[in-house]
Every structure is written in structure tokens, then in C-alpha cells.
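**Q** Here it is: the structure, laid out below.
2 protein chains.
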Amino acid sequence: MPEELAPTREVDVRIAPNGGLALDGGEILPAAVQRVTFYGTPRGDGSNVVLVTHALTGSSRVAEWWPGVVGRGCLIDTDRLCVVGINALGGCYGSTGPASPAADGRPYGSRFPVLTVRDLVRAQRLALRALGIERIAAVIGGSLGGMQALAWGVESPEAVDLVVAIGASGALTPLSVGVSSTARAAIANDPNFKGGDYYDGEPPAAGLDIARRLGMLTYKSERLLLERFGRRSDRKGEEPQAGLWARFDVEGYLAHQGEIFVRRIDANTHLVLSKAMELFDLDRDYGSAETAGARMLARTVLVGIGSDWLFPPTQVHQTWRRLRDGGADAAYLEMASDHGHDAFLAEPESLSRLLAPMLAPLYARERRADGALA
Amino acid sequence: MPEELAPTREVDVRIAPNGGLALDGGEILPAAVQRVTFYGTPRGDGSNVVLVTHALTGSSRVAEWWPGVVGRGCLIDTDRLCVVGINALGGCYGSTGPASPAADGRPYGSRFPVLTVRDLVRAQRLALRALGIERIAAVIGGSLGGMQALAWGVESPEAVDLVVAIGASGALTPLSVGVSSTARAAIANDPNFKGGDYYDGEPPAAGLDIARRLGMLTYKSERLLLERFGRRSDRKGEEPQAGLWARFDVEGYLAHQGEIFVRRIDANTHLVLSKAMELFDLDRDYGSAETAGARMLARTVLVGIGSDWLFPPTQVHQTWRRLRDGGADAAYLEMASDHGHDAFLAEPESLSRLLAPMLAPLYARERRADGALA
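See the structure below:
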């Protein structure tokens with residue numbers, strides 16, 4: 011595993027300082043901030059810039075959460091490209107989100123608007139523009155990050171040459187919407203949630219814990235869980251039959267994941283970004299996925315993950331076919347994996363082997379890295 | 011759809027009046043009640059008796075919750091057989107459960123013991139015995155009811171001739187344990203739950219609602235949800251992008267299911283029976299599924315449901331193979347369905363066509379129904 015990279019530069023960019031950011035839902039978000047992290051230095055024409063978009067729980071520090079994929083000598087090679095991460099609008103890692111102060115100085119909380127994936131992408135575009143970057147070479151992401159990559163290709167066809175969307179389709183299935191919205195309902199039910207205005211009290215940790223457990227289940231495949239946990243008792247020694255709350259190993263794992271999560275994610279961020287993911291829909295947003303495909307100019311690569319049940323590969327394949335039928339220059343690849351949705355994070359070598367030929371054009375035009383690395 | 015049948019007889023049987031019922035967990039449950047419903051009249055030798063075991067949310071009124079399968083002229087024909095239903099121990103439809111008074115006259119609540127599927131089945135056996143029925147012709151059930159049917163075959167091999175388990179395997183997968191235990195955790199997190207001792211206050215309805223939504227998602231297939239709801243807006247007119255809590259149609263459906271559920275199920279019953287389902291494990295309980303199979307004498311039929319992800323047909327098939335390898339006279343059938351786990355309830359005609367040949371021996375030895383129907 012390559013060692014973790016320090017960013018070359020990290021900056022908080024104020025976007026739309028005049029008039030604010032007009033959102034898909036009709037609201038205006040005044041003076042939003044985007045936290046932008048650079049690994050490497052962008053060329054003036056942006057031709058060495060690869061934007062990596064994050065999933066539900068990521069940050070702008072893309073080399074931290076995507077080790078083995080982003081880094082020195084990796085698939086997305088920080089020695090040869092300028093890799094950029096931006097904390098999504100609505101996030102809790104530096105960009106404007108529900109915990110940020112509104113005009114009255116108090117956190118937005120329940121007043122934070124509904125966001126769409128298009129809103130996230132427009133904010134990213136504005137942030138890059140403010141930094142002098144009008145075009146980028148590529149946008150690459152998995153899950154919600156993959157939806158953002160697709161939205162970049164449709165919304166800013168002239169601004170990007172290569173779109174790579176991994177474990178992401180044109181819309182969540184109703185099963186996935188069902189799980190995601192039930193996870194959100196569990197947060198809303200937490201008495202600490204207070205409709206979203208909990209910043210002066212305890213956070214809704216119990217609800218967020220449930221949401222995370224459900225998330226983790228959708229990120230893993232049945233087979234992975236069978237292999238990793240089987241029906242073993244909790245590794246801390248509990249026998250599951252010892253009491254109503256005594257656990258199997260898989261329960262201990264989920265509880266542990268929930269526990270970590272509530273310390274690092276703001277519940278409102280989870281709600282806002284989950285909702286954006288549920289809403290993303292090429293058919294709803296553009297009339298049809300084919301129409302969306304007709305707008306795309308970038309080379310577009312969709313990657314289905316064999317054992318993914320959050321974004322079933324059949325759905326990713328269908329999105330590819332429809333974008334292509336609409337006229338997009340699109341390719342479909344399938345990542346053979348037993349891991350489930352999370353394979354794009356958990357199996358960097360396999361993903362890198364699969365995608366290396368697709369990213370080769372990025373490197374062909376780079377003679378050498380010309381950015382100074384910290 | 012055949013019209014609903016009135017039971018011939020319904021009786022609350024006190025079992026283990028002396029000494030109480032010894033449970034797998036080591037506790038003794040004093041003087042438990044079993045609510046038993048008859049459709050038809052049992053012959054003295056029990057040779058016309060078919061016990062129908064219920065799933066998580068069922069009752070002894072089997073013709074009510076399994077229309078089209080149990081009834082006049084149906085697969086399980088109340089005109090020709092004596093059909094018996096028993097509310098499971100731990101239930102909330104007449105049998106002793108967490109809401110029942112303990113020795114001190116107050117509801118058990120948190121004091122109710124952990125139950126296993128074997129405990130449920132032993133209680134049923136004792137109830138039938140108390141009614142003079144030592145042997146039965148068949149035991150048939152789906153889901154948790156199918157686990158009970160299998161446990162009948164292993165625990166009381168001499169007492170039953172035919173075991174039919176539908177959408178049930180030798181143990182839940184860790185994915186299913188994960189979803190089920192997360193649903194339980196959502197109940198426990200409800201501030202009204204009070205550790206299970208909520209009977210003098212409001213019930214933990216919000217937690218039970220989340221549990222039911224998750225349950226419903228595991229009972230339906232991805233394809234069914236796609237066909238039935240797609241990505242349509244809530245049928246009451248909400249547009250999902252209108253707000254964080256505005257809904258897709260699938261969310262409205264889940265919320266509606268949750269709402270109905272909290273009025274008809276006691277949360278503690280849901281916890282106790284879910285836990286029994288999570289614990290059931292032929293390997294843990296008998297050393298191996300093969301050893302369990304070696305104990306079985308009844309003709310045993312396992313039915314996998316094609317699109318079931320709570321009890322994947324691959325798991326049901328594996329249980330069948332292992333029981334058979336152990337020596338059981340077992341058959342495997344697969345119900346082709348896009349519906350998901352609930353197909354055994356939702357597609358009675360299809361299930362009946364599949365199982366009719368397996369139930370034919372029951373009818374061959376019945377010349378005519380000899381019970382009086384109410």
C-alpha cells in the first residue's frame with residue numbers, strides 16, 4: 011500500500027459571492043464554500059487535472075479515503091497528474107453544509123435546502139473556475155461520486171474529456187431508495203434529531219448508527235458477509251443466544267461501524283447527501299437517459315461491480331446502453347468481485363487493472379509530472 | 011379468492027402446568043398458554059391433522075393470513091383435512107408472550123426469555139398433546155413457519171409424516187441477520203421502548219415502523235419493487251424533490267406498511283420472534299445439518315423461492331442437500347417467482363400448483379372430510 015500523501019495545497023473557495031448559488035430546488039444558497047484539495051499543481055489549461063468525486067462519506071482528501079487508487083504510482087498517479095478533491099456541497103469536511111452558519115450566524119440545520127447531484131457538480135465547477143481551472147481532463151468517482159461524474163459529463167460536456175463512473179447508474183432502484191430512505195427515517199426518529207436543529211445539544215447518534223449499519227449492509231455482498239462472518243458468535247466472546255441483545259459476529263461488526271461513524275459524520279450531511287443520491291435520475295432530470303447521453307461529449311466509462319446490490323451491475327449496464335444509444339461515447343466494464351458495492355474502495359488492485367487502459371490517454375499526453383509535490 | 015372460513019374451534023391451552031416449560035436458554039416459563047385454532051375436527055389418531063406454522067407476524071387463524079392456500083378446496087383443504095394453527099410462543103395473538111402477565115401480575119416486558127424455534131415447536135407439541143393429539147399428518151409453514159416445520163421434523167421425528175418448509179433454510183445468512191438485528195436495534199433505540207417495559211406508556215411505534223419497513227424490503231424482490239413502484243412520485247401527489255421528507259412512491263408504501271404494523275404487532279413480540287429466527291441454525295443446534303437430517307423420519311419438502319433474498323434459494327437448496335446427505339427423505343422444489351420472499355403469501359395459485367403433488371398422499375388416505383365445519 012503506497013504511503014499517504016500530503017496535499018500540495020488545500021483551499022476554501024467562496025463560490026457565487028454575488029447573488030448566491032441557484033439550486034435545482036429553486037432556493038438560493040448564499041456564498042457557499044467549497045473545500046478543495048490539490049495533489050500536484052494544475053496546468054493553466056487544466057489538461058493535467060483529474061477531479062475525484064467522493065461518495066456519501068468522503069472528503070476532499072481523496073488520497074486518504076482512496077488509497078491504492080489515488081497516490082504515487084497508482085492508477086490515478088499523483089506524480090504525473092494533478093489530482094483534485096472537493097468536499098461535496100452539503101458535506102461536513104470543510105464545504106458549506108447543514109452545520110455551517112446561515113446568514114443569522116446560527117447553523118442551517120433544518121433550514122438547509124434539498125440538494126441534487128447537479129447542484130453538487132455546479133458548485134464544483136464554480137470552485138474550479140474561481141481557481142482558474144475552466145476545463146479538466148477527467149472526473150472519476152464511485153457510488154454517489156460516480157453519479158457526480160455522470161452529471162459532470164451531462165452538465166458540462168465541454169469542460170471534461172473523460173468521465174469514469176464506478177458502481178453508479180442513472181438512478182437508484184426502488185429497493186435502494188427504500189433502504190436509504192428508511193435509514194434517513196431512523197435518523198429523523200432519534201429524539202436528539204429535533205427536526206435537524208440539534209447543534210446546541212447531543213447529536214442523533216443512535217439514529218445515525220442505524221443508518222450506518224444499513225449502509226454497510228448495502229455496501230457488502232451476501233457472499234462477503236458469509237465468508238467474513240458466517241454465523242460465528244461475536245468475536246468479543248458473546249454467545250448470541252445468551253440474551254436478546256447478545257450478538258453474532260456480523261452484529262458486532264455493524265455496531266462497531268456505527269460507533270465509528272457517529273464520531274465522524276454529521277447526521278444532516280448524511281441526510282442531505284443520501285437524498286441527493288435518491289433523487290439523481292437521468293430520466294427525471296433530462297427526460298430520458300438517452301437525451302442525457304446526447305448531451306455528453308466526453309469519453310464515458312461505466313463500471314458495474316459484479317456483486318453490488320445497491321447499484322446492481324444490470325442497472326449500470328442499462329445506463330451505459332441508454333447513454334450510448336443517445337449518442338454518448340460510452341464504454342461498459344464489469345469488475346468481477348465478491349465484495350459488493352464497496353469493492354471500488356476495497357479492491358484497488360483489481361479496479362486499477364480494469365481501468366488502467368481507460369486512463370492511458372491521460373498519461374500519453376503527460377510527458378512528465380510538472381507540478382511540485384509537497 | 012375463497013371466502014374466509016370461521017374456525018371450527020378455538021381454545022387457549024395451558025401447557026406445562028406443573029413445573030413450567032424448560033427453554034433452550036435454561037429458563038423455565040411457568041404455565042404458558044397456546045392459542046390453538048381448528049378448522050375441522052381432528053381424528054383421534056391425528057391422521058387428518060395438518061399443523062400450519064406462522065411467520066413473524068402471523069396468528070393461529072391460518073385461513074385469515076394464508077387465503078388461497080388454506081381454505082375450502084384449497085391446497086390445504088379445510089373440507090378434507092383438519093387444519094390447525096397455533097399462535098407461536100412469544101406471540102401477541104393469544105399465546106403467552108412478552109405482554110402477558112408474569113407471576114407478579116405485571117407484563118413480562120424485558121423479563122421475557124429468549125426463545126428458540128425449538129422452544130416454539132416444543133410448546134406446540136405440548137399444546138396438541140394436551141388436546142389429545144399425539145401425532146399429526148403434516149406440518150407446513152413459510153419463513154419462520156418453515157423453520158418451525160423443519161424443527162418439528164428434527165425434534166419430533168416420530169410425530170409427523172410430512173414436513174413442508176417454504177422460503178426457509180437451516181439458518182439465516184449473515185446479511186439477513188444483519189438486517190433483522192438492525193431492525194431490532196431500531197426498536198431498542200426508540201425512547202418509548204424503555205428497555206422493553208413500555209406497557210404502561212406509549213409503545214415504541216417509531217422504532218417498530220422502521221423495523222417493518224426493513225422487513226418489507228426483505229420480503230420483496232428488487233424486480234417486484236421496480237415493476238410496482240419504479241421511480242414514481244408518491245401516489246398522494248408529493249414530488250420527492252420538494253423536501254427532505256417528500257417521498258417516492260416506494261417510500262409512501264413502506265411508511266403505510268409501517269403505520270398499519272404498529273397497530274397490530276407488539277414490539278416485544280417482534281423482537282423475540284425475530285431473535286428466534288436469527289438463532290435458528292441446524293449446524294449450531296445439532297452439530298451439523300447432516301446430523302439433523304439423520305434424525306428426521308418424515309418426508310420433507312423444502313421450497314426455495316426464486317427471487318428471495320431473505321432466504322436465498324441457494325441456501326434452501328444447500329439445506330436440502332445436507333439434510334438429504336444426512337439421511338432425510340427430502341425433496342427440493344423451487345418456486346419460480348419475481349415476487350421475493352413473500353411469494354408464498356402473494357402467489358397462492360403458483361405455490362399450490364407446485365406443492366399439490368407433495369400433499370397428494372394426505373388426501374389419498376382421506377376418503378372424505380369427517381369433521382364438522384362451523
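Chains as they are written, first to last, in this note's numbering: chain R, 11 to 384; chain L, 11 to 384. For glycine and all other residues, C-beta sits at the position ideal for the given N, C-alpha and C. Computed from a predicted model, the values in this text were never measured in an experiment.
(1) Quick one: is residue 376/R near chain L, going by C-beta distance under 8 Å?
(2) Which two residues bound the contiguous beta strand (DSSP E) that contains residue 344/R?
(3) With a threshold of 8 Å between beta carbons, is residue 285/L in contact with chain R?
(4) Let me know the secondary structure DSSP gives residue 147/R once reduced to three states.
(5) Is residue 79/R close to chain L, meaning its C-beta is less than 8 Å from at least one C-beta of that chain?
(6) Residue 106/R lies in the alpha helix (DSSP H); which residues open and close that run?
(7) So, are the CB atoms of residue 25/R and residue 32/R less than 8 Å apart?
(8) Please identify, using Cβ separations under 7 Å, the residues of the stretch 226-252 of chain L that lie next to chain R, in order along the chain.
(9) Report the residues of the stretch 34-63 of chain R with a CB closer than 8 Å to any CB of chain L, ordered along the chain.
(10) Could you check the C-alpha separation between residue 208/L and residue 256/L for me, to the nearest Å?
(11) Would a C-beta distance cut-off of 8 Å place residue 30/R and residue 120/R closer than the cut-off?
(12) So which residues of chain L does residue 291/R contact, with C-beta pairs closer than 8 Å?
(13) Which same chain residues end up closer than 7 Å to residue 102/L when comparing Cβ atoms and leaving out the 5 residues on each side of it in sequence?
(14) Decide if the stretch 169-180 of chain R is in contact with the stretch 308-321 of chain R; the criterion is three or more beta carbon pairs, one per stretch, under 8 Å apart.
(15) Is any beta-carbon of chain R found at less than 8 Å from that of residue 11/L?
(16) Inspect the beta-carbon positions of residue 161/L and residue 139/L and report whether they are closer than 8 Å.
(17) In the structure shown, what three-state DSSP assignment does residue 112/R receive?
(18) By DSSP, does residue 336/L sit in helix, in strand, or in coil?
(19) Among 83/R, 118/R, 60/R, which one has its Cα closest to the Cα of residue 148/R?
(20) What do you reckon, are the CB atoms on residue 43/R and residue 62/R nearer than 8 Å?
(21) Using the beta-carbon count (16 or more within 10 Å), is residue 111/L buried or exposed?
(22) First and last residue of the alpha helix (DSSP H) that includes residue 158/R?
(23) Report yes or no: is there a C-beta of chain R within less than 8 Å of the C-beta of residue 300/L?
(24) Using a cut-off of 8 Å between C-beta atoms, extract the partners of residue 223/L located in chain R.
(25) Under 8 Å by Cβ, that's how I've got residue 81/R and residue 15/R pegged, so tell me the actual separation to the nearest angstrom.
(26) Residues of chain R with CB under 7 Å from residue 213/L, in chain order?
(27) Check distances from the C-beta atoms of the stretch 257-269 of chain L to those of chain R and list, in chain order, the residues that come in under 7 Å.
(28) Suppose the cutoff is 7 Å on Cβ atoms and the five residues either side in sequence are ignored; what does the same chain contact list for residue 304/R look like?
(29) For residue 181/L, which residues in chain R fall below 7 Å Cβ to Cβ?
(30) Starting from the C-beta of residue 250/L, find all residues in its chain whose C-beta is less than 8 Å away, skip the five residues before and the five after it, and write them out in chain order.
(31) Please name the residues in the stretch 124-149 of chain L whose beta-carbon is closer than 8 Å to at least one beta-carbon of chain R, in chain order.
(32) Under a three-way DSSP split, which group does residue 94/R fall into?
(33) Taking the beta strand (DSSP E) that residue 129/R falls in, what are its first and last residues?
(34) Spell out whether any CB of chain L is found under 8 Å from the CB atom of residue 294/R.
(35) Considering residue 308/R, what are the terminal residues of the beta strand (DSSP E) in which it resides?
(36) So the beta strand (DSSP E) residue 171/L belongs to, where does it begin and stop?
**A** According to the structure data:
(1) Within the first sequence, residue 376/R is the residue found at index 366, counting from 1. At least 8 Å separates the CB of residue 376/R from every CB of chain L.
(2) By 1-based counting over the first sequence, the position of residue 344/R is 334. 339-345 is the span of the beta strand (DSSP E), which, as asked, contains residue 344/R.
(3) On the second sequence, position 275 is the one that residue 285/L refers to. Answer yes: the Cβ-Cβ gap between residue 285/L and chain R drops below 8 Å somewhere.
(4) For the purposes of this step, residue 147/R is taken as residue 137 along the first sequence, with counting starting at 1. Here residue 147/R sits in strand by DSSP.
(5) Within the first sequence, residue 79/R is the residue found at index 69, counting from 1. It does not; no Cβ of chain L falls within 8 Å.
(6) By 1-based counting over the first sequence, the position of residue 106/R is 96. Premise fails: residue 106/R is in no alpha helix (DSSP H) and is neither H nor E.
(7) Stepping through the first sequence from its first residue, residue 25/R is reached at position 15. Stepping through the first sequence from its first residue, residue 32/R is reached at position 22. In this structure, residue 25/R keeps its C-beta atom at 8 Å or more from the C-beta atom of residue 32/R.
(8) 227, 232, 235, 236, 239, 240, 241, 250, 251
(9) 34, 35
(10) As a working mapping, residue 208/L is identified with position 198 in the second sequence. As a working mapping, residue 256/L is identified with position 246 in the second sequence. Cα-Cα distance, rounded: 31 Å.
(11) For the purposes of this step, residue 30/R is taken as residue 20 along the first sequence, with counting starting at 1. For the purposes of this step, residue 120/R is taken as residue 110 along the first sequence, with counting starting at 1. Going by C-beta atoms, residue 30/R is not nearer than 8 Å to residue 120/R.
(12) The residue labelled residue 291/R in the question sits at position 281 within the first sequence. Going along chain L in sequence order, the residues near residue 291/R (Cβ under 8 Å) are 241.
(13) Counting from one through the second sequence, the residue named residue 102/L turns up at place 92. Its chain contains 109, 275, 276, 279 as the residues whose beta carbon lies nearer than 7 Å to that of residue 102/L, once the 5 sequence neighbours on both sides are disregarded; these appear in chain order.
(14) Enough Cβ pairs lie closer than 8 Å, so yes.
(15) The residue labelled residue 11/L in the question sits at position 1 within the second sequence. Annotation note: pLDDT 46 at residue 11/L (below 50); position unreliable, no value reported.
(16) Along the second sequence, one-based indexing puts residue 161/L at 151. Along the second sequence, one-based indexing puts residue 139/L at 129. In terms of Cβ geometry, residue 161/L and residue 139/L do not form a close pair [threshold 8 Å].
(17) Counted from its first residue, the first sequence places residue 112/R at position 102. If DSSP states are grouped into helix, strand and coil, residue 112/R belongs with coil.
(18) In the second sequence, residue 336/L corresponds to position 326, counting from 1. Three-state result, residue 336/L: coil.
(19) Taking the first sequence and counting its residues from 1, one reaches residue 148/R at position 138. The residue with the shortest Cα to Cα distance from residue 148/R is 60/R.
(20) As a first step, residue 43/R must be located in the first sequence, where it is residue number 33. As a first step, residue 62/R must be located in the first sequence, where it is residue number 52. No. Outside cutoff.
(21) Walking along the second sequence from the start, residue 111/L turns up at place 101. By the neighbour-count rule (16 or more Cβ atoms within 10 Å), residue 111/L is not buried but exposed.
(22) Numbered from its first residue, the first sequence carries residue 158/R at position 148. Unbroken alpha helix (DSSP H) run through residue 158/R: 154-165.
(23) Here residue 300/L is taken as the residue at index 290 of the second sequence, counted from 1. No, no contact with chain R.
(24) Residue 223/L sits at position 213 when you count from the first residue of the second sequence. Result: 188, 192, 195.
(25) One-based indexing of the first sequence puts residue 81/R at position 71. One-based indexing of the first sequence puts residue 15/R at position 5. About 6 Å; that satisfies the 8 Å criterion.
(26) In the second sequence, residue 213/L corresponds to position 203, counting from 1. By Cβ distance, chain R contributes nothing, its closest Cβ being about 14 Å from residue 213/L, past 7 Å.
(27) 258, 260, 261, 264
(28) Residue 304/R sits at position 294 when you count from the first residue of the first sequence. Taken in chain order, the residues that qualify are 336, 337.
(29) Your numbering for residue 181/L matches position 171 in the second sequence. Chain R residues near residue 181/L: 241.
(30) For the purposes of this step, residue 250/L is taken as residue 240 along the second sequence, with counting starting at 1. The residues are 243, 244, 256, 257, 258, 261.
(31) 124, 126
(32) Translated into positions along the first sequence, residue 94/R becomes position 84. Strand at residue 94/R.
(33) Taking the first sequence and counting its residues from 1, the one referred to as residue 129/R is at position 119. First-last for residue 129/R: 127-140, but that is the alpha helix (DSSP H), not the beta strand (DSSP E).
(34) Indexing the first sequence from 1 puts residue 294/R at position 284. Taking Cβ atoms only, chain L reaches closer than 8 Å to residue 294/R, which makes this a yes.
(35) In the first sequence, residue 308/R corresponds to position 298, counting from 1. Where residue 308/R is concerned, there is no enclosing beta strand (DSSP E), given that its DSSP letter is neither H nor E.
(36) As a position in the second sequence, residue 171/L is number 161, starting the count at 1. 170-176 is the span of the beta strand (DSSP E), which, as asked, contains residue 171/L.
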